[in-house]
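In UniProt numbering, the protein residues as written are 1 to 282.
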Amino acid sequence: MGSFLSQPITQKYHEYQFSGNLSCYTTAMQGWRLQMEDAHLMKPNFIENISLFAVFDGHGGSGISQFLAENFMNVLISQPAFEKMDFMQSLHDTFIQLDDMIKNNEIKNTFIGSTAVVALIADKMLYVANLGDSRCLLMRDDETIELTKDHLPSNELARIRYAGGFVDEQGRLNGTLSVSRAFGDFEFKQEPLPANQQMVIAEPEIRKIKLNKDDRFLFLGCDGVFETQNSYKVMEFISAHVAEKQEPSIVLEQLLDTSLATDTSTGYGCDNMTAMLILLNQ
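Here it is in structure tokens:
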């Protein structure tokens, strides 16, 4: 369940950016955790008509999540596939290269890692890549579209067992890790097997979707946001408040407050929380 503070740190970090037809907001809160291990990236129109957004949820420390936030964009644009505007391939190659970079970096620690959810918008195409259990959701008119699925050990049991691992009754890999894909976590990447056959892999799942005039907003969040309410409840909350023309940063602040547990007895609602909202067609 992890170690917690005696009282949560509820002070919020806010960031917002506006560019073209995009209005982008991020709110983050440490909560009950001993330290803040989340990091994020928000780069609207960093190249003409290309925008990049990401949430990185670290575990065991903040070193890898911070490394990803600082390096993801530069590694992405250095990919040969990026120059060819092949964004699915360039996202894939970026994930693989970054995990290799972490392995050879001084921040490497056998027991730390990070999930990642990344959204790239190029003109009217949206590309979403993820590792782990952070999520990306799209509100199309009044419909919530889930663009990611959680990478849980119980869902990738065959690969884990083949690599010599197991999943316990709580769904944790080898009794410790709650995700089956992540950056870092090299404790679970030591078998004499290809990188994509290890117990934990950095192979992203990537989805492509065409945006249209009915798309209202995109939401990225770490798993802490979803521990006490599901994806649909989160999107309903945001949609209702945005429709009332409330300030988006205040909406995100209220969302995190409603997601925070009043105590640590269950462990749910006690994690770091990062919520990112991108208003589309502004």
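Even for Gly, the Cβ is constructed at its ideal location relative to N, Cα and C. Because the structure is a prediction, the values reported are computed rather than measured.
Distance, residue j Cα to residue i Cα
i	j	result
G221	Y162	31 Å
T266	F166	24 Å
M73	M235	27 Å
F217	L41	17 Å
H14	T26	6 Å
G31	D38	11 Å
N272	M29	6 Å
L76	D100	14 Å
K210	L5	43 Å
T262	F111	29 Å
S62	R33	12 Å
I145	L137	6 Å
R159	H92	20 Å
G58	S65	5 Å
E247	R135	23 Å
M276	P192	38 Å
Q7	S78	44 Å
Q229	L177	22 Å
I201	Q97	13 Å
Extent of the continuous alpha helix (DSSP H) run through residue i
i	result
L157	L157 to Y162
F87	F87 to K103
I201	Looking at the DSSP string, I201 is not in any alpha helix (DSSP H), and its letter there is neither H nor E.
L255	P248 to S259
Unbroken beta strand (DSSP E) run spanning residue i, endpoints
i	result
I121	G113 to A122
P45	Here residue 45 is Asn; the residue named in the question, Pro, does not match the sequence. Note, N45: beta strand (DSSP E), D38 to I47.
S239	From DSSP, S239 is part of no beta strand (DSSP E) but of the alpha helix (DSSP H) over S231 to A243.
P8	F4 to S19
Per DSSP, the bridge partner or partners of residue i
i	result
H59	G113
E143	R140
T274	A28
N130	V117 and E205
F188	Note: F188 sits in no beta bridge, so no partner.
I50	I47 and A122
Cut-off 6 Å between Cβ atoms - residues of its own chain near residue i, not counting five sequence neighbours on either side
i	result
D123	N49
residue 291	Lying before the first or after the last residue shown, residue 291 is absent from the chain, which here runs from 1 to 282.
F67	I107
M36	Q30 and N272
Own chain residues within Cβ distance below 7 Å of residue i, not counting five before or after
i	result
I278	L22, C24, F53, F217 and L218
Y16	C24, Y25 and S249
M88	Y127, I206 and K208
Residue i CB to nearest heavy atom of the ligand NAD below 8 Å
i	result
A261	The ligand NAD is not part of the structure shown, which contains no ligands of any sort.
* Touch check for the region 249-257 and the region 140-155: three-plus C-beta pairs under 8 Å? -> Between the region 249-257 and the region 140-155 there are fewer than three inter-stretch CB-CB distances shorter than 8 Å, so the stretches are not counted as touching.
* **Contact the region 69-84 vs the region 123-135: 3+ CB pairs below 8 Å** => No contact exists between the region 69-84 and the region 123-135.
* To do: Evaluate contact between the region 230-248 and the region 184-196, counting only Cβ atoms and requiring at least three cross-stretch pairs below 8 Å.
  => Three or more Cβ pairs closer than 8 Å define a contact, and the region 230-248 falls short of that threshold against the region 184-196.
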